[in-house]
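**Student:** This structure is in structure tokens; I'll ask about it shortly.
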DNA sequence: TGGTGAGGATTGTTCAACAATTCACCGATC
DNA sequence: GATCGGTGAATTGTTGAACAATCCTCACCA
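Protein chains in written order, with the working numbering: chain A, 1 to 234; chain B, 1 to 234.
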């Protein structure tokens with residue numbers, strides 16, 4: 001065991017080294033397509049066609065479908081196939097309810113957050129500012145997700161991280177279903193900066209308050225956008 | 001469309017009618033065995049042997065494994081097989097962290113809970129009292145889980161329900177790993193009754209306080225039991 | 001004692017097949 | 001003209017077998 005000193009430096013490589021199964025890689029690829037809108041909500045995914053396109057067998061593809069089904073990105077209708085999920089108004093409300101509980105809790109206990117966690121929140125803020133600067137609205141959206149993921153990480157809880165990651169992925173689906181996602185995210189860049197500053201100053205309760213207000217505003221905005229959508233359809 | 005009135009009455013049947021896939025039924029069966037301890041933490045599940053025993057093909061069984069893996073009841077080690085999860089001390093702490101956030105939030109907003117939700121909490125309390133009366137400690141544990149599930153349901157949020165259900169299932173795994181699960185749950189029956197009464201009286205903040213204390217005590221008790229366990233092993 | 005292969009067992013993945021189910025189409029009926 | 005019922009193609013659900021890749025054991029050797 002004399003040679004086992006300083007091995008902690010390699011622990012970061014673990015994730016990289018772990019080969020993943022084909023099903024997981026397929027799931028990753030599909031998740032990307034769903035999140036960036038290449039696969040629209042409601043679209044049906046044929047086992048045969050997709051399997052051929054991706055070069056994997058139906059069985060493997062079905063495993064990938066199961067993974068994404070659990071993330072609520074796909075819905076599996078028995079004997080009917082899998083479809084890209086179509087979030088409804090109720091889903092939007094529900095997503096915000098859970099986010100509120102988890103993210104606010106994470107912010108309130110940020111004093112016990114792990115080393116560097118607040119800094120990662122700041123990094124996400126800057127990423128968003130940079131994207132906004134070059135007019136990359138999709139990039140702003142991505143940075144925004146990363147910001148909230150970083151907020152959740154303040155709880156120092158793997159399960160919170162996982163749940164929030166799923167919620168945010170689902171939320172991106174909602175953005176595709178709404179009318180004008182283009183300038184939804186941009187206004188919040190400044191707010192994110194403010195929340196990060198409060199975190200740095202240790203004013204956690206104030207930060208939680210601002211975050212709570214954000215949830216109110218964003219949720220209402222989404223709900224309204226959604227109501228208009230459905231009105232148009234009818 | 002003149003005949004389509006009053007069809008809402010049938011919407012309850014939807015769930016009953018939906019046939020489930022073989023994989024899901026297999027997953028249900030395995031989940032039961034894991035939760036009631038028939039499959040001990042750490043046990044390895046052979047695809048071949050289990051498939052034969054259950055009368056399903058390896059492919060189908062693998063689908064079921066994926067489902068339970070997402071619930072963290074099984075861990076899937078690449079090229080090595082699936083094992084019943086072995087929760088560690090860190091998992092106990094993490095489980096309570098997320099439960100605290102979600103259940104407390106649910107209790108605090110119980111004034112907006114759906115019709116009959118508080119009554120279902122009461123039903124779980126009585127179930128626990130009945131089980132305690134006849135000395136059925138396992139039944140007390142089950143009722144306790146149902147009590148907390150009912151608390152979570154106060155949030156009126158499908159996603160909260162799902163997450164909490166998963167957390168509680170995982171928690172049962174923890175009980176198997178600890179020394180004396182026999183009389184762990186019984187002392188909390190009285191507390192549950194108290195919390196229910198506070199909910200009925202609308203004293204939500206007080207109820208949340210009691211619940212928070214419960215989390216403190218239960219978590220510490222589990223952590224201690226766990227530390228002893230690992231000491232014995234070494 | 002500690003390293004090293006060889007071999008057996010298990011998983012990862014594919015393929016082909018068949019049963020079960022859905023869906024769209026089309027004619028029959030009132 | 002709308003509804004009902006049935007036929008058939010297309011798709012999913014599930015199985016079983018096959019083979020490659022990987023891991024584990026254990027005897028063997030320095």
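We treat Cβ as the ideally placed atom computed from N, Cα and C, and that holds for glycine.
#1: According to the neighbour-count rule (16 or more other Cβ atoms, all chains shown, within 10 Å of its Cβ), is residue 216 of chain B buried or exposed?
#2: If we ignore side chains and look at the alpha-carbon of each, how far apart do residue 277 of chain A and residue 196 of chain B end up?
#3: According to the Cβ coordinates, are residue 86 of chain B and residue 31 of chain B closer than 9 Å?
#4: Would residue 99 of chain A be called buried (16 or more neighbouring beta carbons within 10 Å of its own) or exposed?
#5: Beta-carbon separation of residue 123 of chain A and residue 63 of chain A under 9 Å?
#6: Residue 94 of chain A touches chain B at which residues, Cβ-Cβ below 7 Å?
#7: For a cutoff of 9 Å on Cβ pairs, would you count residue 101 of chain A as touching chain B?
#8: Measuring CB to CB, does residue 163 of chain A end up less than 9 Å from residue 95 of chain A?
#9: Tell me the DSSP secondary structure of residue 76 of chain A in three-state form.
#10: Can you list the residues of chain A that residue 21 of chain B reaches, using a CB-CB cut of under 7 Å?
#11: With a Cβ-Cβ cutoff of 9 Å, do residue 167 of chain A and residue 106 of chain A count as a contact?
#12: What in chain B is Cβ-close to residue 105 of chain A, meaning under 7 Å?
#13: Need the endpoints of the beta strand (DSSP E) that residue 82 of chain A sits in, please.
#14: Tell me the rounded alpha-carbon separation between residue 198 of chain B and residue 218 of chain A.
#15: Per DSSP, which residues does residue 44 of chain A bridge with? Please list them.
#16: Consult DSSP for residue 201 of chain A and reduce its assignment to one of helix, strand or coil.
#17: Taking DSSP as the reference, what is the three-state secondary structure of residue 161 of chain B?
#18: Taking C-alpha atoms, which residue in B/184, B/208 and B/203 lies nearest to residue 224 of chain B?
#19: Determine the contact status of residue 152 of chain A and residue 140 of chain A, defining contact as a CB-CB distance below 9 Å.
#20: Note down, in chain order, each residue of its chain lying with its Cβ closer than 8 Å to the Cβ of residue 33 of chain A, except the 5 sequence neighbours on either side.
#21: In angstroms, rounded to a whole number, what distance separates the CA positions of residue 104 of chain B and residue 110 of chain A?
#22: Quick one, which of A/121, A/101 and A/47 has its alpha-carbon nearest residue 66 of chain A's?
#23: What would DSSP say about residue 51 of chain A, mapped onto helix, strand or coil?
#24: At 7 Å on the CB atoms, spell out the chain A contacts of residue 67 of chain B, in chain order.
#25: Rounded C-beta distance between residue 50 of chain A and residue 81 of chain A? I'm assuming under 8 Å.
#26: Alpha carbon to alpha carbon, how far is residue 211 of chain A from residue 221 of chain A? Give it in angstroms, no decimals.
#27: Using the beta-carbon count (16 or more within 10 Å), is residue 90 of chain A buried or exposed?
#28: Assign residue 159 of chain B to one of two classes, buried (16 or more other C-beta atoms within 10 Å of its C-beta) or exposed (fewer than that).
#29: Does the beta carbon of residue 220 of chain A come closer than 9 Å to any beta carbon on chain B?
#30: Between A/176, A/214 and A/116, which has its C-alpha nearest residue 138 of chain A's C-alpha?
#31: Residues of chain B with CB closer than 8 Å to the CB of residue 25 of chain A, please, in chain order.
#32: What residues of chain B sit near residue 163 of chain A, judged by a beta carbon separation below 8 Å?
#33: Which same chain residues, not among the five before or five after residue 27 of chain A, have their C-beta less than 7 Å away from its C-beta?
#34: In the structure shown, what three-state DSSP assignment does residue 145 of chain A receive?
#35: Would you report the Cα separation of residue 41 of chain A and residue 79 of chain A, rounded to the nearest angstrom?
#36: Starting from residue 184 of chain A, follow the alpha helix (DSSP H) in both directions and report where the run begins and ends.
**Tutor:** With the structure as the only source:
#1: Taking the second chain and counting its residues from 1, one reaches residue 216 of chain B at position 216. That one is exposed.
#2: The first residue shown for chain A is 1 and the last is 234, placing residue 277 of chain A beyond what the model contains.
#3: Residue mapping note: residue 86 of chain B aligns to position 86 of the second chain, counting from 1. Residue mapping note: residue 31 of chain B aligns to position 31 of the second chain, counting from 1. It is not a contact, given that the beta carbons lie outside the stated cut-off.
#4: Position 99 of the first chain, counted from the start, is the residue given in the question as residue 99 of chain A. It is buried - the Cβ of residue 99 of chain A has at least 16 other Cβ atoms within 10 Å.
#5: In the first chain, counting from the first residue as 1, residue 123 of chain A sits at position 123. In the first chain, counting from the first residue as 1, residue 63 of chain A sits at position 63. Taking 9 Å as the Cβ cut-off, residue 123 of chain A and residue 63 of chain A do not qualify as a contacting pair.
#6: On the first chain, residue 94 of chain A is found 94 positions in, with the first residue counted as 1. Per Cβ cutoff of 7 Å: 157, 158 and 159.
#7: To locate residue 101 of chain A, count along the first chain from 1; it is residue 101. Cβ-Cβ to chain B under 9 Å: yes for residue 101 of chain A.
#8: Stepping through the first chain from its first residue, residue 163 of chain A is reached at position 163. Stepping through the first chain from its first residue, residue 95 of chain A is reached at position 95. No, these two residues do not count as a Cβ contact at 9 Å.
#9: Numbered from 1 along the first chain, position 76 holds the residue referred to as residue 76 of chain A. The answer is strand: DSSP assigns residue 76 of chain A an E or B state.
#10: Here residue 21 of chain B refers to the residue found at position 21 of the second chain. Those within 7 Å of residue 21 of chain B in chain A are 78.
#11: The residue given as residue 167 of chain A occupies position 167 in the first chain. The residue given as residue 106 of chain A occupies position 106 in the first chain. No; because the gap between Cβ atoms is not below 9 Å, this pair is not in contact.
#12: Translated into positions along the first chain, residue 105 of chain A becomes position 105. The answer, in chain order, is 101.
#13: Within the first chain, residue 82 of chain A is the residue found at index 82, counting from 1. Note, residue 82 of chain A: beta strand (DSSP E), 81 to 84.
#14: The count along the second chain starts at 1 and reaches residue 198 of chain B at position 198. The count along the first chain starts at 1 and reaches residue 218 of chain A at position 218. Distance between the alpha carbons of residue 198 of chain B and residue 218 of chain A is about 33 Å.
#15: Numbered from its first residue, the first chain carries residue 44 of chain A at position 44. Paired residue(s): A/83.
#16: Taking the first chain and counting its residues from 1, the one referred to as residue 201 of chain A is at position 201. Three-state DSSP puts residue 201 of chain A in coil, outside helix and strand.
#17: For the purposes of this step, residue 161 of chain B is taken as residue 161 along the second chain, with counting starting at 1. Reduced to three states, the DSSP call for residue 161 of chain B is helix.
#18: In the second chain, residue 224 of chain B corresponds to position 224, counting from 1. With distances taken between Cα atoms, residue 224 of chain B lies closest to B/184.
#19: The residue labelled residue 152 of chain A in the question sits at position 152 within the first chain. The residue labelled residue 140 of chain A in the question sits at position 140 within the first chain. No, Cβ-Cβ distance for residue 152 of chain A and residue 140 of chain A is not below 9 Å.
#20: Taking the first residue of the first chain as 1, we reach residue 33 of chain A at position 33. Around residue 33 of chain A: 39.
#21: For the purposes of this step, residue 104 of chain B is taken as the residue at position 104 of the second chain. For the purposes of this step, residue 110 of chain A is taken as the residue at position 110 of the first chain. Rounded to whole angstroms, residue 104 of chain B to residue 110 of chain A spans 18 Å at the Cα level.
#22: By 1-based counting over the first chain, the position of residue 66 of chain A is 66. Ranking the options by Cα distance to residue 66 of chain A, first place goes to A/47.
#23: Translated into the one-based positions of the first chain, residue 51 of chain A becomes position 51. Of the three classes helix, strand and coil, the one that applies to residue 51 of chain A here is helix, per DSSP.
#24: Along the second chain, one-based indexing puts residue 67 of chain B at 67. Contacts between residue 67 of chain B and chain A, judged by CB atoms closer than 7 Å, involve 66 in chain order.
#25: Position 50 of the first chain, counted from the start, is the residue given in the question as residue 50 of chain A. Position 81 of the first chain, counted from the start, is the residue given in the question as residue 81 of chain A. Between residue 81 of chain A and residue 50 of chain A the Cβ distance is about 10 Å, and since that is not below 8 Å, they are no contact.
#26: Counted from its first residue, the first chain places residue 221 of chain A at position 221. Counted from its first residue, the first chain places residue 211 of chain A at position 211. Spanning the two alpha carbons is a distance of roughly 15 Å.
#27: If you number the first chain from 1, residue 90 of chain A lands on position 90. Label assigned to residue 90 of chain A: exposed.
#28: For this step, residue 159 of chain B is matched to residue 159 along the second chain. Result: buried.
#29: Here residue 220 of chain A corresponds to residue number 220 of the first chain, with the count starting at 1. Judged by the 9 Å Cβ criterion, residue 220 of chain A is not in contact with chain B.
#30: Translated into positions along the first chain, residue 138 of chain A becomes position 138. Of A/176, A/214 and A/116, the residue nearest in Cα terms is A/176.
#31: Numbered from its first residue, the first chain carries residue 25 of chain A at position 25. Here the premise fails: no neighbours, minimum Cβ distance about 12 Å.
#32: Residue mapping note: residue 163 of chain A aligns to position 163 of the first chain, counting from 1. In chain order: 98 and 163.
#33: Here the question's residue 27 of chain A lines up with position 27 in the first chain. Hits under 7 Å: 64, 67 and 68.
#34: Translated into the one-based positions of the first chain, residue 145 of chain A becomes position 145. Three-state result, residue 145 of chain A: helix.
#35: The residue you call residue 41 of chain A lines up with position 41 of the first chain. The residue you call residue 79 of chain A lines up with position 79 of the first chain. Taking the straight line joining both Cα atoms gives about 19 Å.
#36: On the first chain, position 184 is the one that residue 184 of chain A refers to. Element bounds for residue 184 of chain A: n/a, residue is neither H nor E.
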